[in-house]
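Colleague: For the sequence shown, UniProt numbering begins at 1 and goes up steadily by one.
All C-beta atoms, glycine included, are put in the ideal place defined by N, C-alpha and C.
Predicted, not measured: the structure shown is a model, and the values here were computed from it.
To start, I am sharing the structure in question, which I have written as structure tokens.
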Amino acid sequence: MKVAVIGGGPAGLATLKYLLEAHQSLDCEPVDARLFEYHHQVGGTFAARTYEDAELVSSRQLTTFSDFRSPGPEDFISAKKYVQFLQDYCTKFNLWPHIRLQTRVLAVTRRQGDGHVITYKAHDAETPEEWQCDAVAVCSGLHVDPNMPELKGIGKVPLVFHSSEFKVRKQFGVDKTVMVLGAGETGSDMAYLAVTSPTRRVLMCHRDGFHSGPQRNPGPVLLPILGRKQDPNEPGIPIDISRANLFDTAYVHPILRDSMILWHYYFYYINTLLWLSAGTTRGMDQWVGEMNPERHHPSKIFFNKSTRIVPYISEPYRPRHPGPELWKYALRSALIQRPLEKTNGRHVDMAPWPEEIDDDGYVRFSNNGRPEYERLKDERIKPDIVVFATGYTQSLPFLNSPESLQAGQRKYPLPSEADVREIWKRDDPTVGFIGFVRPSFGAIPPLAEMQAQLWIVNLLAPHKIPRPLSPKDEPHYRLLPPDGFRITYGVDHESYTYQLAIDMNSAPGLWDILRIIMSQKDNSLGASWRLFIMWAFGANLNTKFRLQGPWKWDGAPDMFISEEFWQTITRRPLLFGHIAVSIIPMCIFGPLSLILWFYATAVDLGKGSLGLLTIGSNRKAKSARFRKYVPEPQSNGKKFSRCTSSSQQ
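Take a look at the structure:
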């Protein structure tokens with residue numbers, strides 16, 4: 001089989017790697033795979049759109065691949081180091097011979113009969129070339145074409161650019177007023193880099209707020225009034241690996257899984273932790289720029305994990321004036337408080353979205369009825385630089401070209417039409433979309449690795465998928481965006497990862513873990529204990545899903561209990577880590593799932609008994625009808641057949 005991979009970011013590289021290894025794991029013929037990347041290096045957006053001091057907002061432990069790790073020691077690695085990691089990944093698994101850099105895919109068309117034709121052009125070629133293949137993995141990513149919303153009068157600003165064009169701080173100049181449009185993670189980075197540059201003033205504009213989710217479990221200091229301080233050697237465990245999976249994703253009854261109960265628990269947990277840590281529930285130490293209350297729920301939002309900007313935004317809004325709010329803030333912070341970052345007297349003005357730039361270059365903000373508008377409404381602000389940190393639009397120009405559609409070819413699906421685990425369209429399984437989901441709290445690369453595994457198994461060895469991939473198992477991992485929201489492809493990282501693992505029978509249960517422990521050469525008490533604890537209390541790290549299943553890897557047990565992963569358990573704070581995020585949820589949702597299991601079993605038994613009674617009564621009726629209508633046995637037989645068929649459905 002020949003497979004084309006379009007895109008050389010983390011998703012494309014992981015897909016290529018699993019395609020090349022498929023014959024070893026899936027007992028199929030070797031795959032001829034080629035990856036096409038139009039940039040001069042691999043890395044995707046991490047290589048093409050990085051900037052000064054850029055670092056990943058997801059942890060190293062979560063983001064790196066299941067069988068290839070970054071040595072650390074930092075929890076959050078720079079974008080530059082991550083690109084080097086991806087290059088080392090290519091070298092480790094000998095991917096380079098299959099990668100064509102500086103090669104742009106111009107069109108993907110359907111081959112007569114079946115299969116696809118890739119039309120591509122290398123940067124040094126005079127004419128395009130074609131390659132015929134059997135399947136296509138689209139891994140070009142979510143961050144392609146800059147999104148530049150219209151703003152009346154923007155031409156009056158001396159310097160305007162999109163965040164994708166930003167590289168270094170010196171682009172902000174000296175003594176300039178910088179206005180950043182967008183309050184996402186990139187917008188937060190832009191504002192932080194601006195306020196830590198020799199600028200005059202920095203503003204960050206939002207449409208409907210954001211929620212600052214900490215990169216690390218805050219682990220607030222208890223009784224700081226007694227002089228207690230945070231351990232400088234432990235800044236806090238990354239929060240994206242601090243959630244236990246037992247009774248959260250593993251061994252959760254479908255009724256509980258599909259309900260809002262788990263979401264509501266984390267809503268109240270998050271708000272409690274936020275208030276105790278910093279005195280506000282808008283976000284971690286976030287005193288302005290909150291979301292609309294109708295949208296402010298973990299089932300609906302993407303957390304902004306670029307938290308370096310938050311102290312600069314909150315500085316003008318923390319309680320300072322005598323009154324109940326200040327006394328309440330002072331009392332709480334004397335008992336429990338997350339350490340505050342120093343801003344050296346600088347701050348960032350949170351602002352509403354601008355309505356226009358007038359003819360003289362002054363900005364007029366929309367009245368959103370919030371404190372930031374009241375604070376700025378009487379000022380005349382003239383920005384020297386405007387940065388559009390407004391994200392990207394998905395663009396797949398190589399699919400469904402006008403020429404192919406005019407030729408009467410069947411239209412290719414788009415990522416939004418992928419109705420099997422958000423990866424492929426049910427009636428078009430040879431076209432996969434890898435890396436086109438966005439986690440609310442997590443990372444795209446490990447999700448892309450799991451997506452690639454499932455797509456390739458379905459493509460090359462569908463008999464290894466133990467059960468039908470039912471649509472009813474999909475809503476529980478999807479976010480619930482408000483009507484009209486631009487981003488509709490959000491997922492819960494832990495739930496989505498676990499669902500893909502379940503689909504491949506790669507998620508080990510309790511008996512599987514015990515079997516794996518007994519089969520290990522080193523089944524000492526220490527190693528066995530570590531494996532069990534990591535299985536129950538650890539996050540859904542991809543390495544766990546290499547312990548069994550079609551992509552089982554012999555090195556997975558040792559890696560899964562390595563010091564890197566073990567520290568995701570030992571570094572958790574006791575109260576706000578083990579107890580609040582592990583023990584309490586287990587004590588609530590474990591018994592609840594058990595109760596629901598008994599309930600569902602009783603209902604099924606009741607239905608079964610009713611079905612037996614129905615069949616029995618139908619048999620009696622059949623005997624009576626047969627005696628009465630001896631000349632018409634065929635008609636009676638049909639009636640009985642329908643009854644038994646109905647009872648079996």
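Tell me the DSSP secondary structure of leucine 20 in three-state form.
Modeller: As a position in the sequence shown, residue 20 is number 20, starting the count at 1. In this structure, leucine 20 counts as helix in the three-state DSSP scheme.
Colleague: Quick one: what's aspartate 32 bridged to in DSSP?
Modeller: Counted from its first residue, the sequence shown places residue 32 at position 32. Bridge partners of aspartate 32: Lys2.
Colleague: Considering histidine 206, what are the terminal residues of the beta strand (DSSP E) in which it resides?
Modeller: Translated into positions along the sequence shown, residue 206 becomes position 206. In the DSSP assignment, histidine 206 falls within the beta strand (DSSP E) that extends over 201-206.
Colleague: Between the Cα of leucine 86 and those of Ile99, Glu74 and Asp75, spot the shortest distance and give me the residue it belongs to.
Modeller: The residue labelled residue 86 in the question sits at position 86 within the sequence shown. Checked all of Ile99, Glu74 and Asp75; the closest Cα to leucine 86 is Ile99.
Colleague: Could you say which of Gly141, Tyr18, Phe388 and Ile357 lies nearest to cysteine 28 if we only look at CA atoms?
Modeller: Taking the first residue of the sequence shown as position 1, residue 28 is located at position 28. Per the Cα distances, Tyr18.
Colleague: Give the secondary structure of arginine 546 by DSSP, where H, G and I count as helix, E and B as strand, and everything else as coil.
Modeller: For this step, residue 546 is matched to residue 546 along the sequence shown. Reduced to three states, the DSSP call for arginine 546 is helix.
Colleague: Do you know offhand how far aspartate 515's Cα is from proline 475's?
Modeller: As a working mapping, residue 515 is identified with position 515 in the sequence shown. As a working mapping, residue 475 is identified with position 475 in the sequence shown. Here the sequence assigns arginine to residue 515, which means aspartate is not the residue at that position. Taking the straight line from one Cα to the other gives about 32 Å.
Colleague: The beta strand (DSSP E) with glutamate 129 in it runs from where to where?
Modeller: As a first step, residue 129 is located in the sequence shown; it is residue number 129 there, counting from the start. Here the beta strand (DSSP E) through glutamate 129 covers 129-133.
Colleague: Fully enclosed by the stretch 521-596, which alpha helix (DSSP H) runs are 4 residues long or longer?
Modeller: Secondary structure remark: continuous alpha helix (DSSP H) runs of at least 4 residues inside the stretch 521-596, in chain order: 525-537, 556-560 and 563-570.
Colleague: Considering only residues of the same chain and omitting the five flanking positions on each side of arginine 257, which have a CB-CB separation below 7 Å?
Modeller: The residue labelled residue 257 in the question sits at position 257 within the sequence shown. Excluding positions up to five away in sequence, the list reads His476.
Colleague: DSSP three-state label for phenylalanine 302, please.
Modeller: Start at 1 with the first residue of the sequence shown, and residue 302 comes out as number 302. Coil at phenylalanine 302, not helix or strand.
Colleague: Taking the alpha carbon of methionine 586 as the reference point, which residue from Asp189, Ile241, Val252 and Gly435 has its own alpha carbon closest?
Modeller: Taking the sequence shown and counting its residues from 1, one reaches residue 586 at position 586. Residue Val252 is the option with its Cα nearest to methionine 586.
Colleague: Which residue from Arg295, Gly213 and Pro71 puts its Cα closest to that of glycine 442?
Modeller: By one-based count along the sequence shown, residue 442 stands at place 442. Of the candidates Arg295, Gly213 and Pro71, the one whose C-alpha sits nearest the C-alpha of glycine 442 is Gly213.
Colleague: If distances are taken between C-alpha atoms only, which option among Lys167, Leu396, Glu564 and Cys205 comes closest to threonine 50?
Modeller: Residue numbering aside, residue 50 sits at position 50 when the sequence shown is read from its first letter. Per the Cα distances, Lys167.
Colleague: Straight-line CA distance for proline 482 to threonine 127?
Modeller: For the purposes of this step, residue 482 is taken as residue 482 along the sequence shown, with counting starting at 1. For the purposes of this step, residue 127 is taken as residue 127 along the sequence shown, with counting starting at 1. Straight-line Cα distance between these residues: approximately 47 Å.
Colleague: Can at least three beta-carbon pairs, one atom from the stretch 81-97 and one from the stretch 568-575, be found at a separation below 8 Å?
Modeller: no
Colleague: Could you tell me the distance, in whole angstroms, from the CA atom of leucine 223 to the CA atom of proline 311?
Modeller: The count along the sequence shown starts at 1 and reaches residue 223 at position 223. The count along the sequence shown starts at 1 and reaches residue 311 at position 311. Between leucine 223 and proline 311, the C-alpha separation is close to 22 Å.
Colleague: Quick check on the burial criterion: 16 or more other C-beta atoms within 10 angstroms. Buried or exposed for histidine 206?
Modeller: Walking along the sequence shown from the start, residue 206 turns up at place 206. Its Cβ being crowded by 16 or more others within 10 Å, histidine 206 is buried.
Colleague: Which residues in the same chain have their Cβ closer than 8 Å to the Cβ of lysine 628, if we skip the five residues on either side of it in sequence?
Modeller: Here residue 628 refers to the residue found at position 628 of the sequence shown. Caution is warranted here: a pLDDT of 38 is assigned to lysine 628, below 50, making its placement in the model unreliable, and no coordinate value can be reported.
Colleague: If we count the other Cβ atoms within 10 Å of its Cβ and call it buried at 16 or more, is isoleucine 261 buried or exposed?
Modeller: Locating residue 261 in the sequence shown gives position 261, where the first residue counts as 1. Looking at its Cβ environment, which holds fewer than 16 other Cβ atoms inside 10 Å, isoleucine 261 is exposed.
Colleague: Buried or exposed: where does isoleucine 595 fall if 16 or more other Cβ atoms within 10 Å of its Cβ makes it buried?
Modeller: For the purposes of this step, residue 595 is identified with residue 595 of the sequence shown, where counting begins at 1. Classification for isoleucine 595: exposed.
Colleague: Just grab the DSSP bridge partners of leucine 447 for me.
Modeller: Along the sequence shown, read from residue 1 onward, the residue named residue 447 stands at position 447. Per DSSP, none; premise fails for leucine 447.
Colleague: Buried or exposed for serine 623, please, with buried defined as at least 16 other CB atoms from any protein chain shown within 10 angstroms of its CB.
Modeller: To locate residue 623, count along the sequence shown from 1; it is residue 623. Any reading at serine 623 needs caution, since the residue's pLDDT is 45, under 50, leaving its predicted position unreliable; the model's value is listed next. Classification of serine 623: exposed, given that the 10 Å Cβ count is below 16.
Colleague: In this structure, how does DSSP classify glutamine 337 when only helix, strand and coil are distinguished?
Modeller: Numbered from its first residue, the sequence shown carries residue 337 at position 337. Glutamine 337 falls in the strand class under three-state DSSP.
Colleague: Tell me, which residues are paired with glycine 490 by DSSP?
Modeller: Taking the first residue of the sequence shown as position 1, residue 490 is located at position 490. Answer is Arg438, bridged to glycine 490.
Colleague: Reducing DSSP to helix, strand and coil, say where arginine 69 ends up.
Modeller: Here residue 69 refers to the residue found at position 69 of the sequence shown. Assignment of arginine 69 by DSSP, reduced to helix, strand and coil, places it in the coil class.
Colleague: Check the DSSP bridge columns for proline 352 and list the partner residues they point to.
Modeller: For the purposes of this step, residue 352 is taken as the residue at position 352 of the sequence shown. His206, per the DSSP bridge assignment.
Colleague: What did DSSP end up calling valine 420 once you bin it into helix, strand or coil?
Modeller: As a position in the sequence shown, residue 420 is number 420, starting the count at 1. Correct three-state label for valine 420: strand.
Colleague: Identify the continuous alpha helix (DSSP H) that holds glycine 187 and give its terminal residues.
Modeller: Within the sequence shown, numbered from 1, the residue matching residue 187 stands at position 187. Glycine 187 -> alpha helix (DSSP H) spans 185-195.
Colleague: Hey, out of Val160, Gly7, Arg69 and Asp240, whose CA is closest to proline 439's CA?
Modeller: On the sequence shown, residue 439 is found 439 positions in, with the first residue counted as 1. Comparing Cα positions, the closest option is Asp240.
Colleague: Which residues bound the alpha helix (DSSP H) around methionine 518?
Modeller: Within the sequence shown, the letter at position 518 stands for residue 518. Methionine 518 -> alpha helix (DSSP H) spans 510-519.
Colleague: Measure the alpha-carbon distance for phenylalanine 46 versus lysine 607 and round it to whole angstroms.
Modeller: Against the sequence shown, residue 46 aligns to sequence position 46. Against the sequence shown, residue 607 aligns to sequence position 607. Answer to the nearest angstrom: the Cα atoms are 55 Å apart.
Colleague: For arginine 110, collect the residues of the same chain with a Cβ closer than 7 Å to its Cβ; drop the 5 residues on either side in sequence, then sort them by chain order.
Modeller: Sequence index remark: in the sequence shown, residue 110 carries index 110 (1-based). Here the set comprises His116, Gln409 and Arg410.
Colleague: Would DSSP call lysine 377 helix, strand or coil?
Modeller: In the sequence shown, counting from the first residue as 1, residue 377 sits at position 377. If DSSP states are grouped into helix, strand and coil, lysine 377 belongs with coil.
Colleague: Which same chain residues end up closer than 7 Å to lysine 176 when comparing Cβ atoms and leaving out the 5 residues on each side of it in sequence?
Modeller: If you number the sequence shown from 1, residue 176 lands on position 176. Taken in chain order, the residues that qualify are Thr199, Arg200, Asp384 and Ile385.
Colleague: Taking 7 Å as the threshold (beta carbon to beta carbon), is alanine 461 in contact with chain D?
Modeller: The question asks about chain D, but that chain is absent: this structure has only one protein chain.
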